[in-house]
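Numbering (my numbering), first residue to last: 365 to 505.
Structure representation (structure tokens):
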């Protein structure tokens, strides 16, 4: 795979993270993800494809309506892209069965994308969910 292809894959992955998920632009789903897109971190029962991507986005935006992402590092090899991301938001809606606390969080996460023909086909993530729950005061409830 050429360097240009890897660079394009990084651009696709970052645009998906920042423009689609980061700004809540539901209308970009069909453009950003493949028809059989799989988010391996999505809640059980989430459909595949743009419908599933939008379901995850709705779930996140209902819980954290000001959710933002800041990319710290990103690189690619072949069809895979890895990004180290800082995620921030305010707990404004129900999340994992917990009522909104109004508290803010900031965590680091690693996202891995598989890009296919200019769209994200798969997504994996590892987040510091314990730090997020602590910052939101979810252990206190």
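Glycine included, every Cβ here is placed at the ideal spot set by N, Cα and C.
All of these numbers come straight from a predicted model, not from anything done at the bench.
Short Cβ contact (8 Å threshold) for residue i with residue j
i           : j           : result
residue 486 : residue 477 : yes
residue 475 : residue 447 : yes
Nearest-angstrom Cβ-Cβ length linking residue i and residue j, presumed shorter than 8 Å
i           : j           : result
residue 438 : residue 378 : 6 Å
residue 400 : residue 413 : 6 Å
residue 449 : residue 395 : Contact doesn't hold; Cβ gap of about 21 Å is too wide.
residue 472 : residue 492 : 6 Å
Distance, residue j Cα to residue i Cα
i           : j           : result
residue 453 : residue 464 : 12 Å
residue 490 : residue 391 : 26 Å
residue 433 : residue 495 : 16 Å
residue 398 : residue 467 : 35 Å
residue 481 : residue 393 : 15 Å
residue 484 : residue 371 : 14 Å
Contacting residues, own chain, Cβ-Cβ under 6 Å from residue i (five flanking each side not counted)
i           : result
residue 408 : none
residue 427 : 457, 459
residue 374 : 438, 440, 445
residue 384 : 392, 396
residue 425 : 388
Close Cβ partners of residue i (< 7 Å) along its chain, the five nearest in sequence each way excluded
i           : result
residue 505 : Reliability fails at residue 505, whose pLDDT of 49 lies under 50, so the model's placement of it is uncertain and no value is given.
Own chain partners of residue i with C-beta closer than 8 Å, once the 5 adjacent residues on each side are dropped
i           : result
residue 410 : 403, 416, 419, 420
residue 386 : 431, 432, 433
Sufficient close CB pairs (3 or more, under 8 Å) joining the segment 437-456 to the segment 412-423: Flag = no, the segment 437-456 and the segment 412-423 do not touch.
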